[in-house]
Every structure is written in C-alpha cells, then in structure tokens.
Amino acid sequence: MKFRFFPLPKVKEKKEKRMAKTVIMCLILLLGLPLHLSAGELTDIKIGKQTKEEIEILIEGAFDTYQGVSLLSPARFVIVFEGATLKEGISDSIQVEGPIISGIKTVSQAKDVRVILESANTAKLFHCTIHEKDGKIVVKCWMPEEAAARSKGGSKSDYSNSGSSLALHQKNLNEIFGWPEKKQEATKDKDREANTLDKYTGEKITLDFYKTDLQNVFRLFAELSGKNLIIDDQVKGELTLALKEVPWDSAMDLILDLKGLVKEERLGTYIIKPKPAKSAEEKGELVVKTFSEEILQPARILKKEKEDRQKAQNLIIEAHNLEALGKKEEALGIYETAYNLWKDNSDLIMKTAYLHYCLGGYAKSYYFAGQALNLNPNNSEAALFAALSAAQMDKTIEARQLFELAITGKPEIPEAFFNYAQFLKSQKEYADALTIYQRHERIFGPSVEVSIAMAGLYEEQGRTAKACSKYREIQKCGFDMDKNAQGLVQEKIQILCN
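Put into structure tokens, the structure is as follows:
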C-alpha cells in the first residue's frame, strides 16, 4: 500500500523545502557556526507568534556573539548581544500580555545590548530557546511545567473514534519502537547526579554562551555570586556552551576545568588564572593525588564528547556542502557517520531521517525519527517522519498513533495535519479526515490544497451538493492556483453542479 500524501506537486515541493530548511537551520545553529561576522546594530525587536502556551520574540540586526542566561529574583531571561548597538527609536520597554512574559526591556552598554525578558510570574522562571529563522533571531519561551501537566491530563481526542490519548506516553513509544525500559538506570543516574551536585549551593541558572569572550563569562559569574573578581591577563579565549538549571558555582567549576583555569578565593574576592605550570623540580617528584570516580568520570566523558563533537561538526559541514550540490546519497552517509559521534543531536538525527525518507529508505527514516523521539517525545517533526515512514511500510496502527503525536506535539506544523488527514482518507475514515482538515484551517488559515482535499472528501461521502458548493467557494476565494488546480476545480464544477 502506497500513499501520495501531497496531491498537488507544488505542495510537496513546499513541504520538502520547508523541512530541509528547518532542520538545516537548527543544525547550523547547534554547531556554533558564526551567524554574523561583523559588529552592527539591532534594528527591531517585536513579538512574533503568541499563544497561551508559548511566545516568540523576533530580534533583527547584526552582532558578533550572544549569550543567554536565566536569573531569579525577579525571574527573567537575559540575552547579551556583543558587538552591537541599539538602533535609535527602538523602545527600551515593551509591555507584553500573557502568562509567560510581562515585558521586554533593552539596555545598551558601550558595544553590547542586553535584551531582558521579564517573567509574568516574578517567582517562576520560564524556559527559552534561541535560533535563527529568515535572518532573524527567534527566542521561543514557554512554561515547561504547565505544558507537562497538560500532557499528563490524558484528555481524549474530539475527532477520533479510536479513543487514543492526545499525548503519546513514553510507554507507547517504547512499544512502538521496541525500546527497553530504562527506569532503574534512570533512577541510578538521577541519584548519581544528585550526589555529585550536593556540594554546590549556588542559585540554579540556565546559560547559553555563543562564542563569548571568557572575560565576559566570568564577569557574569561575578554578578551572580556578588563577589569581587580579578581575572588574570593570561585568561583568554572564547566559550560556546549551553547548560540548563545547574547551580552557578557548579557551572563555573565546569568552565574552569574545561579551560584549564583555577579559582582562588581571598577575603571575598575570586582570582581566576591559568593552572600553574610545573617547575623542573616539581616534575622530578612523584605526587599522588586521589580523585573519586564521580569527579574523574564526568571529566573524561566531557573530554571525549568534546573531541567527538568537533569531528562531527566537520563531517556535518562536509555533508551539508555535498547536499547543496545535489549529492544526497553521499551526504547521507557522512551524516550517519557524524551521528555515531554525536547521538544526542536531535537536529542531526532529523536531517538523517529526512534524507532517508526523501530517498525512499522508509525503514531507516522510521528508525532515526524514533531516535529523535527518544530524546524528545513531543517533537512533532520527528513524529511526522515516523508516521509517514510507518504508513509507507503498512504499519497502520503505529502510523495512526504517531500522527496523533505529530498534531499534538511542538511545534505545530501544517504538514502533520495535512498528512494525517490524507492517511485517514486512505483508511476510508472520511469523517475523521474532514475533521482534521477543518482543524488545519482553524489553526493555519484557508489554503487551496486543503480546500480541494475537503471537497474531494465530500465527493467520497456522496455529498454532491456540499462538494459542488466547496468547489465554487474555491473558485471565488482568490487562491493563487496553478493551471492544474484551476482545471481540476473547473472540471468538478461542470460535473457536480449541473
């Protein structure tokens, strides 16, 4: 059984381009590649898409680097754009309505600009991601605990007769993809992590540094700790790092270790300097210093991960260049090699799943989409590729479950709704397919492809008058239609409306 999920050629082209652009853009950002090569200015800051669950802030302009950090008392997320100024006329305070952010403030300091997102609840911190889209920096923020509570509610679908839950539980994913249960291992990992972090008492923070000068990194820690800070002139270099909800003193020790630095505290003042080199006499002595495995093992893992990720980054760039030349098969092989070095990079996994699907490798596309879902069970794009691949392999039950996850996960994407409706139509579940198309229109607005598909469903149901009315509506709506679509609509009107 084969499905043609996009009945109009130009729709399929749009889908492929969009998915490719989305995955590649996220991938390039995760690699830490420079987005802007010269200093400039921020030219616009405004609110993008906004719902009760999440909000987007769009920032336009040029800068050298950025760093983001979440802070409490009051709760806020601060993004520092280095090597940038603020364009004259941009408001320094923007009021925002909603449950996540109450306001956006901008502060220009010398050659840096700080954009401060203030939490609507001063005692509760929201989460943010930062990425680039269409030449803009997009900051997406949400309240994760509330989203998790909604998912656990287990409300029933209002359009499906199957009675399946809107949120596909991890247990269901384990069954679909044949993953082993990892409850005991997860508990051990959490206990081990808790024991390691017991010695750190600093306030928990979220950090996002992108090619940030080390001097500026430690100035931030001075603000967080409230202590004076002296930085040795020999401390140089840049840092790209993202950490979520870790004690600030733990984060500081990690950075010191990664960069070969030490910290001394004297009378409430931190002195940051390179680790001292051993003298000739010291090298002749045998000094035995014991470290617990809890300290050594994370350091070894971090070093190995750093080396592997650097190799993976180089491979991804090579694969991207081959893909741009149209050599998808060669690119795919290199992407898979990179995946073996960087298995928790969800965007790399999604790129691999996408190319396998485009090349007809549905089993491997299904596998890689499953790996992305293992990292994030609410990844709607991963669920969509898994559902499409399952449908192509006649895994009807799995496809249905994964399509439901695709239309309830994040972000909301029109392709998930369109393809789910097409799948339901192939199963002759016309009423349910029609309901999904109607949800598509409510969320994303009317489109010629969905309208034609809905008219076709009315025909399948034998509702000739309704189909005729829909085709006439399409003809009068002013849609931008190609010749094939125009001819189809005109032909249907002649047949059904006479």
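Numbering of the sequence shown is given in UniProt numbering, commencing with residue 1 and proceeding in unit increments. Glycine included, every Cβ here is placed at the ideal spot set by N, Cα and C.
Can you list, in chain order, the residues of its chain whose CB lies under 7 Å from that of residue 103, leaving out five sequence neighbours each side?
Within the same chain, residue 103 has close Cβ partners 93, 94, 95, 96, 118.
Drop a sphere of 10 angstroms on the beta-carbon of residue 51, count the other beta-carbons inside from all chains shown, and report buried for 16 or more, exposed for fewer.
exposed
Relative to the C-alpha of residue 235, which candidate in 448, 351, 256 has its C-alpha closest?
256
Determine the direct distance from the alpha carbon of residue 355 to that of residue 331, and round the result to whole angstroms.
9 Å
Where DSSP assigns a beta bridge to residue 118, which residues make up the other side?
76, 103
Within its chain, find whatever has a CB closer than 6 Å to the CB of residue 77; leave out the 5 residues flanking it on each side and keep chain order.
Spatial neighbours of residue 77 in its own chain (CB-CB distance under 6 Å, excluding positions within 5 residues in sequence) are listed in chain order as 70, 117, 128.
Can you tell me whether residue 477 is helix, strand or coil according to DSSP?
In the structure shown, residue 477 adopts coil according to DSSP, grouped into three states.
Buried versus exposed call for residue 461 [16 or more other C-beta atoms within 10 Å across all chains shown]
exposed
According to DSSP, is residue 234 part of a helix, a strand, or is it coil?
Correct three-state label for residue 234: coil.
Grab me the residues of residue 169's own chain with a C-beta within less than 6 Å of its C-beta, minus the 5 sequence neighbours each way, in chain order.
Note that residue 169 scores 44 on pLDDT, short of 50, meaning its location in the model is unreliable and no value can be drawn from it.
Buried or exposed (CB count within 10 angstroms, at least 16 for buried), residue 49:
exposed
For the beta strand (DSSP E) that residue 273 lies in, which residues bound it at each end?
Residue 273 -> beta strand (DSSP E) spans 269-274.
How is residue 342 classed by DSSP in three states: helix, strand or coil?
coil
Taking the straight line between their C-alpha atoms, what separation do you get for residue 247 and residue 323?
41 Å
Closer than 8 Å is the cut-off here; do at least three beta carbon pairs connect the stretch 204-214 with the stretch 228-243?
yes
Need the endpoints of the beta strand (DSSP E) that residue 55 sits in, please.
54-61
Determine, using beta carbons only, whether residue 457 and residue 416 come nearer to each other than 8 Å.
Their beta carbons are not under 8 Å apart, which means residue 457 does not touch residue 416 by this criterion.
Pop quiz: residue 411 and residue 440 are said to be a contact at Cβ under 8 Å. What is the actual Cβ separation, rounded to whole angstroms?
15 Å between Cβ atoms; not a contact.
Looking at residue 352: is its Cβ nearer than 8 Å to the Cβ of residue 339?
In this structure, residue 352 sits near residue 339, with a CB-CB distance shorter than 8 Å.
How long is the line joining the alpha carbons of residue 316 and residue 345, rounded to whole angstroms?
11 Å
So, helix, strand or coil for residue 201, using DSSP?
Of the three classes helix, strand and coil, the one that applies to residue 201 here is coil, per DSSP.
Is the distance from the Cβ of residue 83 to the Cβ of residue 64 below 8 Å?
yes
Is the beta carbon of residue 406 closer than 8 Å to that of residue 390?
no
Using beta-carbon positions only, say whether residue 112 and residue 80 come within less than 8 Å of one another.
yes
With a CB to CB cut of under 7 Å and the five nearest residues on each side skipped, what residues in its chain are close to residue 430?
Taken in chain order, the residues that qualify are 457, 460, 461.
Reference residue 319, options 335, 218, 309, 306, closest by Cα
That would be 335, whose Cα lies nearest to the Cα of residue 319.
Quick one: Cα of residue 341 to Cα of residue 101, how far?
38 Å
Under the DSSP definition of a beta bridge, which residues are partnered with residue 66?
81, 210
Comparing alpha-carbon positions, which option in 253, 496, 143, 343 lies nearest residue 313?
343
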